[in-house]
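Working notes, beginning with the structure itself.
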Amino acid sequence: FRVTLTPIRRRDKGVVGAIAVLQDVTESEKLEQSRREFVANVSHELRTPLTTIKSYAEALDDGALEEPPLAERFVGVIRSETERMIRLVTDLLHLSRFDSKQAQLRRQMTDIAEMMEDVVDRFSLQLRQKAITAKVQVDPGLEKAWLDRDGIDQVLDNLVSNAIKYTLDGGSIHLAARLNEAGQLSVTVKDTGIGIPKKDLERIFDRFYRVDKARSRSMGGTGLGLSIAREIVRAHGGHIALDSEPGVGTTATVTLPYVQEGGEAP
Ligand code: ADP
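If you want full-length UniProt numbering, it's the 1-based position in the sequence shown plus 344.
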């Protein structure tokens with residue numbers, strides 16, 4: 345609480361009383377703190393690649409250019425760090441569109457089975473590189489649904505990309521779509537990966553939160569994938585949750601209203 349005291353004065357009698365205002369500042373304080381943390385995180389995340397780029401450019405300038413194999417490696421680092429920054433800024437722009445409520449869903453009738461198969465196809469190279477098998481299972485009763493296809497594609501891309509990143513070679517990934525007991529569309533992405541410790545699970549959707557920063561960075565992660573996924577799912581009136589057991593695997597469940605064309609989403 346913030347307490348503000350204002351004395352009440354009478355010209356002839358001096359102070360005769362006071363007005364006390366009690367203001368509940370916990371919410372605004374929390375918001376302000378998370379805003380500060382966010383700005384600090386963004387600055388740090390941008391500063392790290394910039395510092396690397398600067399030092400590698402200096403090394404090139406200081407003579408590495410004369411040694412082509414070395415120069416090639418340094419240019420490679422500069423390039424991948426630049427790509428990281430582009431990914432980060434793209435993710436941030438995405439989030440800021442949701443924050444300013446500018447993000448408009450563009451819903452269309454979407455074939456669920458085709459959408460799920462397409463995601464796996466987009467990752468076929470990475471799956472092959474890590475010898476991870478992927479299985480897709482879609483309830484035959486599922487018809488098309490009224491969804492923002494690009495948005496849900498991005499959600500699934502983030503989930504499948506995480507499933508691959510955090511699963512060891514030779515593991516497996518299982519994608520499934522069905523109608524749940526409440527008549528909602530339920531999409532799950534299940535992996536046999538490293539899992540997430542219980543204590544981290546509740547913060548995993550926070551912006552920039554990662555269980556293992558170094559690991560996520562080395563995998564090219566920005567720490568924003570799940571936050572973006574949650575924004576997109578919420579914009580649909582849906583819900584996203586992660587369930588995990590360290591050393592066994594993780595299951596991400598996206599629940600979406602199963603709306604047919606012309607229907608109104610909640
Ligand atoms: P990142 O870009 O780091 O992957 P995300 O927001 O997508 O960021 O995920 C946040 C963190 O959650 C990851 O850094 C990782 O620690 C953890 N995580 C997400 N998905 C999985 C998964 N399938 N298995 C294990 N850990 C996961």
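For every residue, glycine included, the Cβ atom is placed at its ideal position computed from N, Cα and C.
Please report whether the beta-carbon of residue i lies at a distance below 8 Å from any beta-carbon of chain B.
| i | result |
| --- | --- |
| A364 | In the structure shown, chain B cannot be found, because there is only a single protein chain. |
The beta strand (DSSP E) with residue i in it runs from where to where?
| i | result |
| --- | --- |
| A579 | Counting along the chain, A579 falls outside any beta strand (DSSP E), though it belongs to the alpha helix (DSSP H) covering G569 to A579. |
| T594 | G593 to L600 |
| E410 | Looking at the DSSP string, E410 is not in any beta strand (DSSP E), and its letter there is neither H nor E. |
| I517 | S516 to L523 |
| S588 | H583 to E589 |
| K479 | T477 to V482 |
From the DSSP output, which residues share a beta bridge with residue i?
| i | result |
| --- | --- |
| L545 | The partner list for L545 (beta bridge, DSSP) is empty, contrary to what the question assumes. |
| V533 | L519 and A596 |
| P351 | A362 |
| M453 | W490 |
| Q367 | R346 |
How big is the Cα-Cα spacing for residue i and residue j?
| i | j | result |
| --- | --- | --- |
| residue 616 | A596 | Outside the shown range of the chain (345 to 610) lies residue 616, about which nothing can therefore be said. |
| R428 | T599 | 30 Å |
| S560 | L390 | 15 Å |
| R355 | I363 | 17 Å |
| T511 | L471 | 10 Å |
| N506 | L570 | 9 Å |
| R551 | F382 | 8 Å |
| residue 654 | D535 | Here the chain comprises residues numbered 345 to 610, so residue 654 is not present and cannot be evaluated. |
| R574 | F442 | 11 Å |
| S516 | L500 | 16 Å |
| Q473 | G495 | 27 Å |
| L439 | L568 | 9 Å |
| Q528 | R451 | 17 Å |
| R403 | V421 | Rather than Arg, the amino acid found at residue 403 in this sequence is Ala. If you take the alpha carbons of A403 and V421, they lie about 12 Å apart. |
| E376 | V369 | 10 Å |
| T434 | I572 | 11 Å |
| H388 | M563 | 18 Å |
| V531 | T477 | 18 Å |
| A401 | E425 | 12 Å |
| I548 | G537 | 16 Å |
| L394 | Y602 | 44 Å |
Determine the burial state of residue i: buried for a count of at least 16 other Cβ atoms within 10 Å of its Cβ, exposed for fewer.
| i | result |
| --- | --- |
| V359 | exposed |
| N524 | exposed |
| A526 | exposed |
| E589 | exposed |
| S468 | exposed |
| F345 | exposed |
| D406 | exposed |
| R554 | buried |
| E410 | exposed |
| L366 | exposed |
| G582 | buried |
| P541 | exposed |
| L432 | buried |
| P413 | exposed |
| G539 | buried |
| M453 | exposed |
| K479 | exposed |
Grab the span of the alpha helix (DSSP H) containing residue i for me, first residue to last.
| i | result |
| --- | --- |
| I508 | R493 to K509 |
| V463 | I456 to R466 |
| A558 | K557 to S562 |
So does residue i have its beta carbon nearer than 7 Å to some heavy atom of the ligand NAD?
| i | result |
| --- | --- |
| R428 | Looking for the ligand NAD in the displayed structure turns up nothing; the ligands present are the ligand ADP. |
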